[in-house]
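**Q** For what it's worth, the working numbering labels the leading residue of the sequence shown as 58, then goes sequentially. Beta carbons: idealized from backbone N, C-alpha and C, even for Gly. If you're wondering where the values come from, they're calculated on a predicted model, not measured in any experiment. For reference, the structure I am asking about is given below.
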Amino acid sequence: RIVPELGDPNLREVVHEPFRVIYQQRKDTVEILAVVRAEQEPDFPEIQGRNI
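Put into structure tokens, the structure is as follows:
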């Protein structure tokens, strides 16, 4: 699903309690941008800065 706080369709997440895995899919690869506990706020500016 799209990361709700960001609304960017290129930044996706999988929730597997107690974690959120935030990733970006590219042509042939998936880049993991962050793995955070579900109750924590990810560092969104850092994640958005890596969006290419």
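Starting from the C-beta of Arg58, find all residues in its chain whose C-beta is less than 7 Å away, skip the five residues before and the five after it, and write them out in chain order.
**A** Taking the sequence shown and counting its residues from 1, the one referred to as residue 58 is at position 1. So the list reads Arg69 and Glu70, once near-sequence residues are dropped.
**Q** Ala46 to Asp85, Cα distance in whole Å?
**A** Residue 46 cannot be examined here, being either before or after the span of the chain that is shown, 58 to 109.
**Q** Would you grab the beta carbon distance between Arg77 and Val93 for me? Rounded to a whole angstrom, and I think it's under 8 Å.
**A** For the purposes of this step, residue 77 is taken as residue 20 along the sequence shown, with counting starting at 1. For the purposes of this step, residue 93 is taken as residue 36 along the sequence shown, with counting starting at 1. Confirmed, about 5 Å.
**Q** Would you grab the beta carbon distance between Phe101 and Glu74 for me? Rounded to a whole angstrom, and I think it's under 8 Å.
**A** On the sequence shown, residue 101 is found 44 positions in, with the first residue counted as 1. On the sequence shown, residue 74 is found 17 positions in, with the first residue counted as 1. Between Glu74 and Phe101 the Cβ distance is about 20 Å, and since that is not below 8 Å, they are no contact.
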